[in-house]
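Residue numbers (the working numbering), protein chains in the order written: chain A, 1 to 222; chain B, 1001 to 1447; chain C, 2001 to 2054. Structure record follows, encoded as structure tokens.
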Amino acid sequence: MLTLPCPNCGAPVTFRSPALPNRVCGHCRSMLVRSDGGVGIVGIEAALPFDVSPIQLGTRGRFDRRAFEVIGRVRWSWDDGSWNEWLCLFEGGVHGWLGEAMGDFMMTFERPLADAGSAELDRIARGSPAIPGRKVELDGEELTIADAREVACIAAEGELPFTALPDWRIYSVDLKAASGRAASLQREGDEAWFYDGRYVKLAELAPTGLRAIEGWQMPRYG
Amino acid sequence: MAEAAAPQPAAKAVSCPNCGGTVTLRAAGYSVTVACEYCASILDVSQPEVQLVTRYNERATRLAIPLGTRGTLDGTEWEVVGWMARDDSGYAWQEFLLFNPYHGYRWLIEQRGGWSLGEQLTRTPEGAWGGLKVDGERYTPFFADGTARVTDVVGEFYWRVKRGDSVRTDDWVRPGAMLSREADDHEVSWSRSRYLSTPAVAGAFGVPAHTKAWPPLPHQPSPALPFVKAGIVIALLAVAALILGAVVMGGGRTLWQGSVTIASDGRDQQAIVGPIELTRPWQRVRVVADVPALSNGWVDLGYTLVDRKNQASFTASKAAERYSGRDSDGDWTEGDRSATADFATLPAGTYDLVVDYKGNNWIDPSRPPSNFWDLNANEPAPDWRRSGAFAPQIDLRVVSRGGAGGGVFFLMLVLLLIPLGIGLLIHAHFESARRAESDFAAQGDDD
Amino acid sequence: MRTPIFLYGLWCLGIVGLFMVASNYAWSPFADGRAGPRGTGGGGVIFVGGPNHK
């Protein structure tokens, strides 16, 4: 845990983990990066557009019996809409992403591509286009490429493992299995990241500290 | 976010770039497209700046459930945020998009006055026995290779929607639920809709309560099925009780057995046989008379059972008759040499059986009259009463029987099964009407 | 749906009860005998024999 004044506005900013070097100043929206040399400003984050997501920074929940807290968010857009990726910090420092799109949620964790051992995914990571509908075998399970599009960052807040500034564009491939497993591969230039997890219902996360939304009864879980 | 204490506003207002009307965004952040509720223009709300996609200048569509209406289904409150009219070559239905920020989206689907609640699936159904399986529930094919087209649209949606959009559809059903696959050129999505009772939807969203979908919706559960299922169990129990009762109360034994002789002149005769001891509080008694020698004649039988103690009497009349002859079709016989008389509800006691009887001979009137060239002309017509070496006998057997007997048992069985049969008929009628619409109508499955 | 099932249960109970009562009194509507003395002088139906054969 490291608390410093924001180099831009002086408001106190906290870095919880060396694994999460990025932070958006809650006061002036500067994108800060922590390094051995201190904290620097790499850009200005955009304001998050109005939405009625039930999640907010500080929401806590449990996934597979492990407690987490939501500490960051990136809002992405594509041709036909936008969605949220909420960064969840688990006990023990592991982090996962709670994706929220079209009212559905999925929890995924980063995983080395080499470990996934899929020739098709390796080809996509090296620059081949992903073809929706094509099957990909992963850990003996058959996944289908559901979607493959160019996506762009709209805005971000809180702590993050990378610098996500507006108009950052990546190639994103979504995969789904019959079982409810969900995975995605994100590619930028020569680099690729792979995330693996599954769809979840909000109720099964037993979340507390959800965002209060005017006129709606907030469900009580756990 | 220390300032998070104040609740987030639920909606955002934007103005329609075409008509200037104020359009409420109830699912901001999710919604991509809005069809203006005033002029029907399609707006793009995915960007901060609202953009006009397609301009329409139409009068507002009157929706069965206006946008913004809230209703509670199964304990969860939903708000109507969008509406689509869809059509598959004349088969039309409407879908209301429901939203709750904590529970996401659902579809409230109406067709022919019947309602369903649909939900997008995050899993893909597995194939099973020529059908599909989700959550351990099996679905059978119902519609195949359909094309669902959007004919009208109002409100906000989380994808780009416009009139004329079409997807390929296939549907599977089980009682109470339908599984739908919708596919366009680059996406396949699965949804499951559950049948809702019209009163439940009427209570939640104020739609008319007394509409009845006919023919039934593909996944509408047969209203008679629960009755039939429970009724079969009830009927089995009742039949078992009947059988048990019949066995326990039934059973019989022979009380008296003997013979009386029939006079050759056919006069009225009487025989008193007994004693006949009736030991149960109440019983049935059967008197079986058998006349082995009977041929072309009949025996009148009058029985009177008289209680020795109080002279209470019970009577029955019967006849044993047996005829035979020959005509253009060949030999024929008719009648029965034995006659059975049943008494019911006889109280216990010592009885005498008075048998009044009379042997009769029948002369075939069609028999050619005697004439001179007939060699047998002078031979008298045969008479069974005197043709044998000995006088013919009536063999009598008196049997006591418990219970109400097979006739009553059968009557009760029929009465028991009539309501179940009516239930089965209603069920079959409903199911055949439901299946008639299926693309797989010939191979319906009986679930 | 509960009401018709309940009513059917009641109906079956009634039928079984009726059958038990009928069994107990050895009652049957299909019997030939009736209580009371025989009509005197051949009162009632006179049986005339003969085949129905045509």
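For every residue, glycine included, the Cβ atom is placed at its ideal position computed from N, Cα and C.
Chain-ordered chain A contacts of residue i [CB-CB under 8 Å]
{"i": "B:ASN1018", "result": "Neighbours of B:ASN1018 on chain A: none; closest Cβ ~21 Å, over 8 Å."}
{"i": "B:GLN1094", "result": "Under the 8 Å cutoff, chain A gives no residues; its nearest Cβ is about 20 Å from B:GLN1094."}
Chain C residues whose Cβ lies nearer than 8 Å to that of residue i
{"i": "B:GLN1283", "result": "ALA2026"}
{"i": "B:LYS1318", "result": "ASP2032"}
For residue i, the residue or residues it bridges with in DSSP
{"i": "A:SER30", "result": "A:ILE44"}
{"i": "A:CYS153", "result": "A:TRP76"}
{"i": "A:GLN186", "result": "A:SER172 and A:TRP193"}
{"i": "A:ARG66", "result": "A:PHE63"}
{"i": "B:ASN1360", "result": "B:TRP1298"}
{"i": "B:VAL1167", "result": "B:ALA1148"}
{"i": "A:HIS95", "result": "A:LEU89"}
{"i": "B:LYS1012", "result": "B:LEU1025"}
{"i": "A:TRP216", "result": "Answer by DSSP bridge pairing: none, since A:TRP216 is not bridged."}
{"i": "B:GLN1120", "result": "B:SER1191"}
{"i": "A:PHE109", "result": "A:ASP196"}
{"i": "B:TRP1282", "result": "B:PRO1347"}
{"i": "A:SER35", "result": "A:GLY38"}
Under 7 Å by beta carbon: chain C residues contacting residue i
{"i": "B:GLU1321", "result": "GLY2049"}
{"i": "B:ASP1300", "result": "PHE2047"}
{"i": "B:LEU1416", "result": "CYS2012 and ILE2015"}
Whole-angstrom distance between residue j and residue i, CA atom to CA atom
{"i": "A:PRO12", "j": "B:ASP1088", "result": "60 Å"}
{"i": "A:MET102", "j": "B:TYR1030", "result": "6 Å"}
{"i": "A:LEU234", "j": "B:ALA1183", "result": "With chain A represented from 1 up to 222, any question about residue 234 of chain A goes unanswered, as that position is not in the structure."}
{"i": "C:THR2003", "j": "B:VAL1247", "result": "32 Å"}
{"i": "B:PHE1099", "j": "B:VAL1045", "result": "17 Å"}
{"i": "A:GLY158", "j": "B:CYS1036", "result": "36 Å"}
{"i": "B:GLN1094", "j": "B:GLU1119", "result": "15 Å"}
{"i": "B:ILE1394", "j": "B:ASP1268", "result": "14 Å"}
{"i": "B:ALA1271", "j": "B:LYS1358", "result": "11 Å"}
{"i": "B:VAL1291", "j": "B:ARG1386", "result": "14 Å"}
{"i": "B:LEU1067", "j": "B:ASP1171", "result": "28 Å"}
{"i": "B:ALA1293", "j": "B:ALA1339", "result": "14 Å"}
{"i": "A:LYS201", "j": "A:GLY37", "result": "42 Å"}
{"i": "B:GLN1311", "j": "B:LEU1346", "result": "13 Å"}
{"i": "C:GLY2044", "j": "C:GLY2033", "result": "Note on C:GLY2044: pLDDT 47, under 50, position unreliable in the model; the coordinate value appears next. The straight-line gap from Cα to Cα measures roughly 14 Å."}
{"i": "B:PRO1218", "j": "B:ARG1434", "result": "6 Å"}
{"i": "C:GLY2042", "j": "B:SER1317", "result": "The predicted position of C:GLY2042 is uncertain, since its pLDDT is 42 and thus under 50; a value taken from the coordinates is nonetheless stated next. Cα to Cα, C:GLY2042 sits roughly 11 Å from B:SER1317."}
{"i": "C:THR2040", "j": "B:ASP1331", "result": "The pLDDT assigned to C:THR2040 is 46, lower than 50, so where the model puts this residue is not dependable, and the model offers no usable value."}
{"i": "B:GLY1406", "j": "B:PHE1227", "result": "29 Å"}
{"i": "A:PRO132", "j": "B:THR1124", "result": "15 Å"}
Contact set between residue i and chain B, taken where Cβ atoms lie within less than 8 Å
{"i": "A:ASP139", "result": "In chain order: nothing, as chain B lies at least about 17 Å away."}
{"i": "A:SER53", "result": "GLY1029 and PRO1101"}
{"i": "A:ASP80", "result": "VAL1032, SER1046, TRP1159 and ARG1160"}
{"i": "A:MET218", "result": "TYR1102"}
{"i": "A:PRO132", "result": "HIS1186 and GLU1187"}
{"i": "A:ALA192", "result": "Near A:ALA192 there are no residues of chain B at all, since even the closest Cβ is about 22 Å away, more than 8 Å."}
Assumed close pair residue i, residue j - CB separation to whole angstroms, cut-off 8 Å
{"i": "A:ALA225", "j": "A:PRO161", "result": "Shown here, chain A extends from 1 to 222; a query on residue 225 of chain A therefore has no answer."}
Partner residues on chain A for residue i, Cβ-Cβ distance less than 7 Å
{"i": "B:LYS1012", "result": "PHE50"}
{"i": "B:TRP1078", "result": "Within 7 Å Cβ-Cβ: nothing; B:TRP1078 doesn't reach chain A, min ~11 Å."}
{"i": "B:SER1180", "result": "What B:SER1180 touches in chain A: nothing, since even the nearest Cβ is about 16 Å away."}
{"i": "B:SER1191", "result": "The contacting residues do not exist; B:SER1191 stays about 12 Å from chain A at best."}
{"i": "B:HIS1210", "result": "Result: empty, since nearest Cβ-Cβ is about 30 Å, beyond 7 Å."}
{"i": "B:GLU1137", "result": "Chain A residues near B:GLU1137: none, gap ~15 Å exceeds 7 Å."}
Residue-level contact to chain E via CB, residue i, 7 Å cutoff
{"i": "B:GLU1126", "result": "The question asks about chain E, but that chain is absent: this structure's protein chains are A, B and C."}
Contact set between residue i and chain A, taken where Cβ atoms lie within less than 9 Å
{"i": "B:SER1432", "result": "Chain A residues near B:SER1432: none, gap ~34 Å exceeds 9 Å."}
{"i": "B:GLN1120", "result": "MET102, GLY103 and ASP104"}
Listed by chain order, chain B residues near residue i by CB distance under 9 Å
{"i": "A:ILE170", "result": "Near A:ILE170 there are no residues of chain B at all, since even the closest Cβ is about 18 Å away, more than 9 Å."}
{"i": "A:LEU250", "result": "With chain A running from 1 to 222 in the structure shown, residue 250 of chain A is simply not present."}
{"i": "A:LEU202", "result": "TYR1102, HIS1103 and GLY1104"}
{"i": "A:ALA178", "result": "ARG1123, THR1124, PRO1125 and GLU1126"}
Partners in chain B for residue i, counting only beta-carbon separations shorter than 7 Å
{"i": "A:GLU214", "result": "PRO1007, GLN1008, PRO1009 and ALA1010"}
{"i": "A:ARG23", "result": "In chain order: nothing, as chain B lies at least about 14 Å away."}
Neighbour list for residue i in chain C, Cβ cutoff strictly below 9 Å
{"i": "B:GLU1156", "result": "By Cβ distance, chain C contributes nothing, its closest Cβ being about 39 Å from B:GLU1156, past 9 Å."}
{"i": "B:GLU1334", "result": "PRO2051, ASN2052 and HIS2053"}
{"i": "B:PRO1419", "result": "PRO2004, LEU2007, TYR2008, TRP2011 and CYS2012"}
Any C-beta of chain C within less than 9 Å: which residues of the segment 1338-1358 of chain B qualify?
THR1340, ALA1341, ASP1342, PHE1343, ALA1344, THR1345, LEU1346, VAL1354 and ASP1356
Output, in sequence order along the chain, the residues in the segment 1302-1316 of chain B whose CB is closer than 9 Å to any CB in chain C.
Result list: GLY1302, TYR1303, THR1304, LEU1305, VAL1306, GLN1311, ALA1312, SER1313, PHE1314, THR1315 and ALA1316.
Pull out every residue of the segment 1020-1032 of chain B whose Cβ sits closer than 7 Å to any Cβ of chain A, in chain order.
ALA1027, ALA1028, GLY1029, TYR1030 and VAL1032
Residues of the segment 1223-1243 of chain B whose Cβ lies closer than 8 Å to any Cβ of chain C, in chain order
From the segment 1223-1243 of chain B, only PRO1223, PRO1226, PHE1227, ALA1230, GLY1231, ILE1234, ALA1235, LEU1237, ALA1238, ALA1241 and LEU1242 have a Cβ closer than 8 Å to chain C.
Any C-beta of chain A within less than 7 Å: which residues of the segment 1049-1076 of chain B qualify?
Taking 7 Å as the Cβ-Cβ cut-off, the segment 1049-1076 of chain B has no residue approaching chain A.
Against chain B: residues of the segment 98-115 of chain A by CB proximity under 7 Å
Shown in chain order are the members of the segment 98-115 of chain A whose Cβ falls below 7 Å from a Cβ of chain B: MET102, GLY103 and ASP104.
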